Amino acid sequence: MSSAGHPEMPRHGPRHDSHHHRPGHHGGERHHNATRFAALADLPAAAPGGVLERLQQSFADEHLELAVLLGASLLCLAAWACLSFTAAVPASPCAQPISKAVSSERLVEPVVEGKPVPSSRGDTTVYRRLRNRYLVAYSLATFGDWIQGGYLYALYANHGYSMHQIAQLFAVGYSSAATLGTYTSAIGDVGGHRRNCVAYGILYAGSCLLANSPAGLPRSGRRHSYAGLALAASRLLGGISYSILFTSFESWLIAEAEACELPRGQLTHIFAASSCVYAFSAVVAGIVGHVVVELSPPSAEGGHNRFAAPFNVAAPVLLLASFLCQVQWSERYGDRRTTPSASLLRSWRAIVASRTLLALGVVNSLYETSLYAFVFMWTPSLERRAPHQISHGLIFSIFMVSKMAGAQGFALLDAYGVSPTSCLGGVFAGSALCLLVPVVSSSYEALLLAFSAFECLLGLYWPAIALVRAGELDD
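Last residue of the sequence shown: 475 in UniProt numbering, with the numbers rising by one and none dropped.
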């Protein structure tokens, strides 16, 4: 990645020039030390303590990276242990048997005014119109989200922030999604799912535009403080938008299908198509992101950040998604007889009343915490070991293809009768091993392969955990 930034700000991994060769099997540590010192030759003239400060920061960042990934690996093992406890807990009285017919998406029988819709074939024209209206807007919405994925860490690092400061920005986004995002998503039941979907594109576009905050300014300067607040606001809006994407869009589709009296089978087909669109848009977004970054001029100290280009592409795409939702979708609601707070409270009581659901929640939280640690660490981990400048967008596309392969692998395992619980056990154990690779190896190729395998296991995880939850939750 580009090395533009403050003279006093640390880089996230040394810059590797063409004369640096790949380390041999026994020379990995020597290679890292050599390149770390060689990178110091590229630095501008600094105060006597500046070089030592950079070297110390480089070692500190590497230790932080290894500690986070080791912790993530232990969380996977903890999820594995909790999964064993879940299997030992008697099934909930309201639990329904897991069937191969259950989709990895949340599906319910269409209901109109509390009465099931007859499972007739339905109007093909209505089905096609609904499918097309939904998938066009949904594909734009997911593209706008995915194109940012490969460049978030690189954007902040190029702005001159340290790994510790970037971790704080990531934490703002996660906290926003867990609190404000959860409540905002619940508002859709009362205020309207379409309204939430329209707000998604507007809020996320604002988040992307705030990513253009000035870079390369002194830490103590007023403009740098303003830039930090702008980036924090960007993550705040991003966290809210992320929650809306994974709740309100699906809720609107189900409510619209109910209003159109669409049979369950046709709704299932739309969900299957949306899964393909979701995966395909991720691969395309990674490639487009790579192209726009390569076409962008080099970053300039105190100004342009080339890694902001994917975010600038995402903003108009997200606004277009909001426009299509507004003009092509009808407003649909959930349970308007309650409030968002009451709805969340009822859900919480249902969880704590069931030991199995509570255990599943713990399993879900442990594993996805390791996932978020991976999201934060994959960029600096690969940059630190790469013999060349990495292509964030292309690597992101590789990850997404790996995830698609994992999803297809689950379908194959399911066809051979492997239970979702057994599949999850393998996912957690394999993920723990994948996240241990950077602790024991300095090879860039080995790490890229391990991270791709982790994404493949993630593709197995999503449908498996959805099926396990479906066996414990009624509609």
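Cβ atoms here follow ideal geometry from the backbone N, Cα and C, with glycine treated the same way. Note that this is a predicted model, so its numbers are computed, not measured.
Do you know whose CA, among 273, 198, 205, lies nearest residue 325's CA?
-> 198
Rounded C-alpha distance that separates residue 366 from residue 124 = 43 Å
For residue 212, name the three-state secondary structure that DSSP assigns.
-> coil
May I have the straight-line CA-CA distance separating residue 308 from residue 84, to the nearest angstrom?
-> 44 Å
Roughly how far, in whole angstroms, is the beta-carbon of residue 457 from the beta-carbon of residue 430, given that I think they are within contact range, below 8 Å?
-> About 5 Å separates the beta carbons of residue 457 and residue 430, which is inside the 8 Å limit, making them a contact pair.
Please check the pair residue 407 and residue 340, which I expect to be a contact at CB under 8 Å, by giving their CB distance rounded to whole angstroms.
-> With a Cβ gap of about 32 Å, residue 407 and residue 340 do not count as contacting.
Beta carbon of residue 244, beta carbon of residue 179: below 8 Å?
-> no
Cβ neighbours of residue 350 in the same chain (closer than 8 Å, five flanking residues each side left out) | 357
Check each candidate in 394, 242, 377, 209 and name the one with the smallest Cα separation from residue 287.
-> 394
For residue 246, count neighbouring C-beta atoms within 10 Å of its own C-beta (all shown protein chains included) and say buried if the count is 16 or more, exposed if not.
-> exposed
Just tell me which of 142, 186, 133 has its CA closest to the CA of residue 333.
-> 186
Own chain, CB closer than 8 Å to residue 174, minus 5 neighbours either side, in chain order = 239, 372
To the nearest angstrom, report how far apart residue 273 and residue 135 are at their CA atoms.
-> 8 Å
Where residue 63 falls: helix, strand or coil (DSSP) | helix
Could you have a look at residue 261 and say whether DSSP puts it in helix, strand or coil?
-> coil
Per-residue DSSP class, three states only, for residue 390 | coil
Inter-residue Cα distance where the pair is residue 364 and residue 438 | 24 Å
Expressed to the nearest angstrom, what Euclidean distance is found between the alpha-carbon atoms of residue 314 and residue 146?
-> Answer to the nearest angstrom: the Cα atoms are 9 Å apart.
Is the beta carbon of residue 131 less than 8 Å from the beta carbon of residue 270?
-> Contact: yes.
As assigned by DSSP and simplified to three states, the class of residue 418 | Residue 418 sits in coil when the DSSP states are folded into three classes, being neither helix nor strand.
Give the DSSP-derived three-state secondary structure of residue 250 in the structure shown.
-> helix
Sorted by chain position, which residues of the same chain lie with C-beta nearer than 6 Å to residue 181's C-beta, five sequence neighbours on each side aside?
-> 239, 240, 243
So which of 419, 293, 133, 162 has the shortest CA-CA distance to residue 471?
-> 419
My understanding is that residue 266 touches residue 127, with C-beta atoms under 8 Å, so please give their C-beta distance in whole angstroms.
-> Beta-carbon to beta-carbon, residue 266 and residue 127 are separated by about 5 Å, close enough to satisfy the 8 Å threshold.
Count the C-beta pairs between the region 202-213 and the region 251-260 that are closer than 8 Å, then say yes if the count reaches three, no if not.
-> no
Please name the residue in 465, 342, 74, 165 whose C-alpha comes closest to that of residue 518.
-> The requested residue 518 is not part of the displayed model; the chain covers only 1 to 475.
Assuming residue 283 and residue 452 form a contact by the criterion Cβ under 8 Å, report the distance between their Cβ atoms to the nearest whole angstrom.
-> Residue 283 to residue 452, Cβ: 13 Å. No contact.
Return the first residue and the last residue of the alpha helix (DSSP H) that residue 132 is part of.
-> 124-149
What distance in whole Å lies between the Cβ atoms of residue 379 and residue 153, which are believed to be in contact at a cut-off of 8 Å?
-> 4 Å
With DSSP collapsed to three states, give me the class of residue 305.
-> When secondary structure is reduced to three states using DSSP, residue 305 falls in the coil class, being assigned neither helix nor strand.
For residue 32, which three-state DSSP category applies?
-> Interpretation of residue 32 is limited by its pLDDT of 47, a score under 50 that renders its predicted location unreliable; the figure taken from the coordinates is listed afterwards. If DSSP states are grouped into helix, strand and coil, residue 32 belongs with the helices.
According to the Cβ coordinates, are residue 412 and residue 468 closer than 8 Å?
-> no
Would you identify the three-state DSSP class for residue 159, choosing helix, strand or coil?
-> Correct three-state label for residue 159: coil.
Under 8 Å Cβ to Cβ from residue 64, same chain only, skipping five residues before and after it: list those, please.
-> 163, 164
Can the beta-carbon of residue 129 be found less than 8 Å from the beta-carbon of residue 329?
-> no
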